[in-house]
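So the sequence shown is residues 0 to 686, counted in numbering that gives the first Met the number 0. Ideal placement from N, C-alpha and C gives every residue a C-beta, glycine not left out. Since the structure is predicted, the reported quantities are computational estimates derived from the model, not experimental observations.
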Amino acid sequence: MPPERAHTFETAPYEELFAVLLRQLKRPLKTHGFDLNDDDAAQLAGAVTQHRPDTRRAPLLAGLTAVIAESEGVLKQWGLSFQQALDVKMDAMPGWETTAEFLELANEKSNAELRIVIAAAWALLLDERRWLPYLLYLAAGHYDDETVIARRALACASGSEPSNADWFAQIRLWAQQPTKTQGAIVEQLQRLRTLLGRVADLKGAGMLLGWDQRTYMPAGGVQGRADQAATLAGLAHEFFTADEVGQLLDDLDGQFADYDSDEASLVRIMRRDYRKLKRIPSALLMEVQQVGAHARQAWQNARTQNDFALFQPHLEKMLALQRQLAETLNSSADGQPFDNLYSALLDRFEPGMTYERIDEIFSGLKKPLVALVQAINAKVDAVSDEVLRRHYPRERQLAFGQMLAQALGYDFQRGRLDLSAHPFTSGIHRDDVRITTRVNEDYVLVCLGSSIHETGHALHRQNLSPALYRSNLESTGLATAETLSRYYENIVGLSREFWQYAFPKAQEFFPHLADCDLETWYRAINKSFPSLIRTDADEVTYGLHIILRFELENELINGRLKVADLPKVWNERMEAYLGVVPPTNSDGVLQDIHWSQGGWGYFPDYLLGTIFASQLDAQLMREQPQHKAAWTRGEFGGVLRWLTDKIMAHGGKFTFAELAERATGTPFSWQPYMAYLQQKYGDIYGL
């Protein structure tokens, strides 16, 4: 190399030197998804040499890692490691015969080596020591520019200039010790986990209080429970949005290169949630909790008495609070206001989801779904569900539901099954996940469907990676959560293979099924007809129940529909979409608990999860075409392991869209769901 160039490498200021070096990697970095210009290189060099935070640190390190891997692959084609490549004589290299081939080979090898050196040097400045041995090897030798680059990177990272004879010995000692930066990162991460653990504990206590209110709490305890829930919610919010948490997130930003790692995910997702919740006053959340506690009780009374007027003032208060909450949260990840105020609530339950995106999905699905509903209705008498409408004693239904939950993998040492007005799952802790169900003694599918649905939720919570508990990663977006519950309720619980195992046991629990065969039972549980109650709806009509609620929520939040008019509009659209009119408000607008407890924006996630469940099953069928044969033997461990690997174990590390693509290799789509329905119900109804 020309001596003046080497001299420049030796004497240039660190910021200038590493900016020049990073510019040499622009092309390979762009190939691996990290695009930068000369100004970006200068800014990044200034940030790393002056120890300033920069949000591009993590993606840059990911790009550098890919460049090194690619360059090492070039050397491996000749059977060489990086160190071997540095020392091998070119005339001993295979693969050339002419001078031109020799020069081409030499150039390819030299470029690969230089890229590794520059990328390793930059990685060290980003506190990644994986390739530190490469730099030490170079610094101890005489490899022209490569040695100079290695020594300057080591000097910059260690803060020790090579001005004395024992400098390299000092560097070796430094290399054996964690850097102050690394030690600080570990300490800061542990502190963040501690703070998040306190928040998780408060939320768990709140869930326990909520479970008790909806199961065994005496009716007179509403006010006390409202105060307790509000206090816990307020404390959790204050802890989560504390300034110390914000400072820790700033300090840890960009420190973890592996996007998939628990650490990188914790910081990434926490920053997203922190920015969102920091905008919400604790007083507003406490008011939502207080109003919600009273509204839940009013909803239960109104539904029991079929009196919407008992619930209306509570619903109006909750709607006003939800509008206030939406206005507070009205900005997307890039800081821009949403086009539709309702999107702020949708994003709260499933980050990244907007009104426009969901409307696009539901609009694509609606036409073929309505066509299928109409085709089935034309043959509605082809399937009888008489066998489901016999008398099934409550206690036997509960016992059978418990048996099925246990068979599917639910651990009753870490959970329990109870009754409630509206079935739910309470994930108090990974080792305390409780489910409830509902019983109609004259229609057994209510209890069966609810029990299996909530089992899906519980399996999700019980199979989350232990490393993610007591952090913000223990909770997923709700579309993801509903994917697992709907997978078990529909894909498993309504399959012929499942009932080949379970129906003989049902006949043991319910002796009056002795006159029924498996095929009659299978067709009965899959009978499709317009129902009044969403939770009782079959697979085909269920989506229309959700689309109805999606439309009404959007109109209520945006002020185009008044609460007083809700029962009338509800009934009109039920007739238009499903051809039925609820005879009472209890069977209509009062059937769901969600609006009373602040679950505005939740309903669409049921259908998104239902759609994704079919997409997952299509992928599992491609990977393991015979996997459902195990279900006929009551063996459900295989599907649980697959779902755990693809979805459950990851908690909230990835968005719904990311999970869909990672699990199936394709973007989220409603087409597999429609194909599943058309094939299954085409077979049942002879369409």
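Query: Start and end residues, alpha helix (DSSP H) containing leucine 416; Result: Per DSSP, leucine 416 belongs to no alpha helix (DSSP H); it is in the beta strand (DSSP E), 416-418.
Query: Whole-angstrom distance between arginine 271 and leucine 59, CA atom to CA atom; Result: 20 Å
Query: Contact check, tryptophan 130 vs isoleucine 148, beta carbons under 9 Å; Result: no
Query: Beta carbon of glycine 400 nearer than 9 Å to that of threonine 424; Result: no
Query: Status (buried if at least 16 other CB within 10 Å, exposed otherwise) for tryptophan 498; Result: buried
Query: Continuous alpha helix (DSSP H) assignments of at least 4 residues falling wholly in the region 304-350; Result: 307-327 and 341-348
Query: Spatial distance of proline 1 from aspartate 144 (CA atoms); Result: Reliability of the predicted coordinates at proline 1 is poor, the pLDDT of 40 falling under 50, and the value obtained from them is presented with this limitation in mind. If I take the Cα positions, the gap works out to 10 Å.
Query: Buried or exposed by the 16-neighbour rule on C-beta atoms within 10 Å, applied to valine 244; Result: buried
Query: Serine 484 versus leucine 123 - alpha carbon distance; Result: 45 Å
Query: Unbroken beta strand (DSSP E) run spanning arginine 433, endpoints; Result: 431-436
Query: Beta-carbon gap between alanine 612 and threonine 482 smaller than 9 Å; Result: yes
Query: Distance CB(lysine 70)-CB(proline 132) smaller than 9 Å; Result: In the sequence on display, residue 70 carries serine and not lysine. Not in contact: serine 70 and proline 132 (Cβ atoms no closer than 9 Å).
Query: Valine 491 to cysteine 155 span [Cα, whole Å]; Result: 59 Å
Query: Buried versus exposed, by CB contacts within 10 Å (16 or more), glutamate 574; Result: exposed
Query: For glycine 426, three-class secondary structure by DSSP; Result: strand
Query: Rounded straight-line distance, which links the Cα of arginine 151 to that of asparagine 553; Result: 59 Å
Query: Proximal residues to leucine 153 (C-beta, below 7 Å), its chain only, five neighbours per side dropped; Result: Leu134, Ala138 and Ile170
Query: Own chain partners of glutamine 212 with C-beta closer than 6 Å, once the 5 adjacent residues on each side are dropped; Result: Arg224
Query: Supposed close pair isoleucine 610, tryptophan 669 - CB separation, criterion 8 Å; Result: 5 Å
Query: Rounded Cβ spacing between tyrosine 500 and threonine 327 (contact assumed at less than 8 Å); Result: Actually they do not touch by this definition, with Cβ atoms about 50 Å apart.
Query: The region 503-523 touching the region 548-567, judged by at least three CB pairs closer than 8 Å; Result: no
Query: Distance CB(alanine 57)-CB(tyrosine 258) smaller than 9 Å; Result: yes
Query: In chain order, each beta strand (DSSP E) run of at least 3 residues that lies wholly inside the region 498-574; Result: none
Query: Neighbour flag for isoleucine 184 against chain B, beta carbons, 9 Å; Result: Within the model displayed, chain B is absent; a lone protein chain is all it includes.
Query: Limits of the alpha helix (DSSP H) - the one that tyrosine 354 falls within; Result: 354-376
Query: Exposure label - glutamine 299; buried when at least 16 CB within 10 Å; Result: buried
Query: Span separating the alpha-carbon of proline 280 from that of glycine 664; Result: 40 Å
Query: Own chain residues within Cβ distance below 6 Å of alanine 65, not counting five before or after; Result: His31
Query: C-alpha distance - alanine 628 paired with leucine 74, whole-angstrom precision; Result: 47 Å
Query: Backbone secondary structure at histidine 31 - three-state DSSP; Result: coil
Query: Same chain only: Cβ atoms within 8 Å of threonine 10, ignoring 5 sequence neighbours per side; Result: none
Query: Tyrosine 442, enclosing alpha helix (DSSP H) - first and last residue; Result: It is not in any alpha helix (DSSP H) - tyrosine 442 carries neither H nor E in the DSSP assignment.
Query: Best match in Ala111, Gln187, Val47 and Phe101 for proximity to glutamate 127 [C-alpha to C-alpha]; Result: Val47
Query: Nearest-angstrom Cβ-Cβ length linking asparagine 305 and asparagine 584, presumed shorter than 8 Å; Result: 6 Å
Query: Exposed unless 16 or more other CB atoms sit within 10 angstroms - verdict on serine 80; Result: exposed
Query: Presumed contact (8 Å Cβ cut-off) between tryptophan 599 and leucine 344, rounded CB distance; Result: 5 Å
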